[in-house]
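Here the structure is laid out as structure tokens; the discussion comes afterwards.
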Amino acid sequence: MKDIIFQKIFKALKDFNMIKKGDSILIAFSGGPDSVMLLYVLKSLQKKFNLKLAAYHLNHMLRGEEAKRDEEFSRKLAEEWNIPFYSEKIDIKKYKTEKVGSLEEKAREIRYKRYHYWKERLKFRKVALGHTKTDSVETFIYNLIRGSGLKGLSGIPPVRDFYIRPLIYLEREEIQEFLKIKNIPYVIDSTNLEPEFTRNKIRLQLLPLLEEIRKGATQKIFQSSLILKEAEDFIQCEVKKLLKKATKEVFKGDWLLDTSLIRSYHLFIKKSLFHYLFGFNFEETSTVLNILEKGGRIRLRDFYISSSFGELYISKKERKLPDTVLQKPGIFEFDELNLKIILERGEKTTHRMLYRINISWDYLPLIVRSRREGDRVHGKKLKDYFIRKKIPEWRRALIPVFEHAGEIIWVPGIYLKRGIEGKLKLEVCKIHGEKFWVFDK
């Protein structure tokens, strides 16, 4: 049986390029059968691959004496096998997390944070987790019944970033049988036997029923999840290609996409694009696609989204130009918008420039601001000027509006009041020439 077990392990290591010679690997070690098997496997491979190993145990402080028993067991076994052992206690119920969810989800979030912390602290390259083929199938079913896309139906990834799962080709039953034959001890988490948890119902009731309906169902589902993983990888490649073509330059942290190009792609690629970029769910993605097709603007989660005149703009900030009074010559900078306004003395010139004008001293003080609802110039709505010039909606709030005594006298590239010329030079320009500003196309 050992030969069959290690054949599957070596296949997983090779298929997913999990381990290299000289790797340092932190082993997530709960003391349960899967993690004991993981510890045994990596200890067995230590000389062959010249591995540096350590085990880490997190006591969630949820199961009282049983949790203490698990920690002590894990410590003793690691010491017996000469593997450095690290542990810590964290009261999961009191610990503050970023996401609101079930206790199970909260515990998972904390575990992964601590794995990362200890990997960095010990200066290790990788973290090994004891997830099995059975775990991956359970995840597939769990995601299927709660509604999921390709990513969720791909099961548990054998490798993700620095996380590796060497047991991913093994079923839980064959691990337990192997440990029994080898007389290797382990502990059982009693909460894994409580049927009120959804995952436990899948583990204890649904999977046995599926095996009863068709022997080998677990293996078939696992194979399907691998096929879906390949499909997911392909879709991600297509999404990245689309992004490379459709992404336009914009402010740091924002997204600006070519809507005509995105519209030309298959619906599934479009949906995958927004899920990939922002983690939008089915309903949210449908909302964004509606905006993409029909135009408009919305607030979705923490995002401001606007679509018009060929551009889809997505930002976590509601960018706008703050009201600023220009009372005398000077330089006024708006770093977030890469916008600089220069007001200085200068001779009147007949050479008209798009972003520079001459004005009379009589028009001070000036107020520079964003456009407002109801703004009018020369008896017409400013909005109509923007539409006529085909200025995308998101850009309109960032184009400076210059106002004197309640009257708009200049909107660069859009409108200039006649008869205001004088010996002051007023100019809008970039602070940093190489960076984006609102007038860049």
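Residue numbers (the numbering used here): 52 to 492. From the three backbone atoms N, C-alpha and C, an ideal C-beta is built for every residue, glycine too. No experiment lies behind these values; they were computed from the predicted model shown.
Closest to residue i by C-alpha separation, out of the options, would be which residue?
i	options	result
GLU344	HIS326, THR375, LEU312	LEU312
VAL87	LEU293, ILE134, ILE382, ARG197	ILE134
ARG120	SER138, ALA297, ASP426	SER138
GLY82	LYS202, TYR316, SER75, LEU180	LEU180
ILE143	ARG265, VAL428, LYS164, VAL188	LYS164
LYS371	LYS379, CYS480, GLY361, PHE385	PHE385
ILE56	LEU102, TYR168, THR183, GLU122	THR183
LEU477	PRO463, GLU485, ILE192, GLY484	PRO463
LEU293	HIS111, HIS167, PHE325, ARG396	PHE325
HIS108	LEU204, GLY347, LYS231, ILE141	ILE141
HIS24	TYR214, LYS202, LYS157	Within the shown structure, residues of the chain are numbered from 52 to 492, placing residue 24 beyond reach of any answer.
GLU116	PRO373, LYS492, ASP240	ASP240
Quick one: Cα of residue i to Cα of residue j, how far?
i	j	result
VAL489	PHE354	19 angstroms
LYS127	PHE80	12 angstroms
ASP435	LYS441	10 angstroms
TYR364	ALA63	42 angstroms
ALA105	ASP186	23 angstroms
LYS170	ILE70	16 angstroms
ILE393	ILE207	57 angstroms
SER337	SER357	15 angstroms
GLY381	SER421	20 angstroms
LEU467	LEU390	19 angstroms
PRO259	GLN274	18 angstroms
LYS271	PHE437	58 angstroms
PHE124	ALA268	34 angstroms
ILE253	ARG211	24 angstroms
ASN332	ALA448	29 angstroms
TYR410	GLU444	Looking at the sequence itself, residue 410 is Ile, so the reference to Tyr does not match. For ILE410 and GLU444, the distance between alpha carbons rounds to 28 angstroms.
ILE418	ILE342	34 angstroms
ALA129	LEU173	17 angstroms
GLY473	ARG407	13 angstroms
HIS483	ASP426	30 angstroms
ILE161	PRO451	46 angstroms
GLU300	LYS72	42 angstroms
LEU195	ARG250	12 angstroms
GLU122	VAL238	10 angstroms
TYR316	GLU224	45 angstroms
ILE460	ARG396	19 angstroms
LEU96	LEU102	8 angstroms
GLN256	PHE487	58 angstroms
ILE471	VAL339	44 angstroms
Check residue i in the structure and name its three-state DSSP category.
i	result
GLY381	strand
GLN58	helix
ARG469	coil
LEU417	strand
GLU424	coil
LYS65	helix
ILE70	coil
VAL188	helix
VAL301	coil
LYS98	helix
GLU395	strand
LEU390	strand
VAL290	helix
ALA448	coil
ARG265	coil
PHE285	helix
LYS296	helix
TRP412	helix
PRO443	coil
TYR316	coil
LYS492	coil
ARG370	coil
SER86	helix
PHE273	helix
Give the DSSP bridge partners of residue i, in chain order.
i	result
LEU104	ILE76
HIS455	GLU458
ILE438	According to DSSP, which records beta bridges pairwise, ILE438 is partnered with nothing at all.
TRP306	ILE365
LYS431	VAL428
VAL376	ILE418
Shorter than 7 angstroms from the beta carbon of residue i to some beta carbon of chain C?
i	result
TYR466	Absent from the structure is chain C; it holds one protein chain and no more.
Segments of 4+ residues assigned as alpha helix (DSSP H) that fall wholly inside the segment 100 to 186: 116 to 131, 154 to 173
Quick check for students: name the residue ranges of the alpha helix (DSSP H) that lie wholly in the segment 318 to 367, counting only runs of 4 or more. 318 to 329, 333 to 345
Residue ranges of each alpha helix (DSSP H) run of no fewer than 4 residues wholly in the segment 203 to 249, ordered along the chain? 223 to 233
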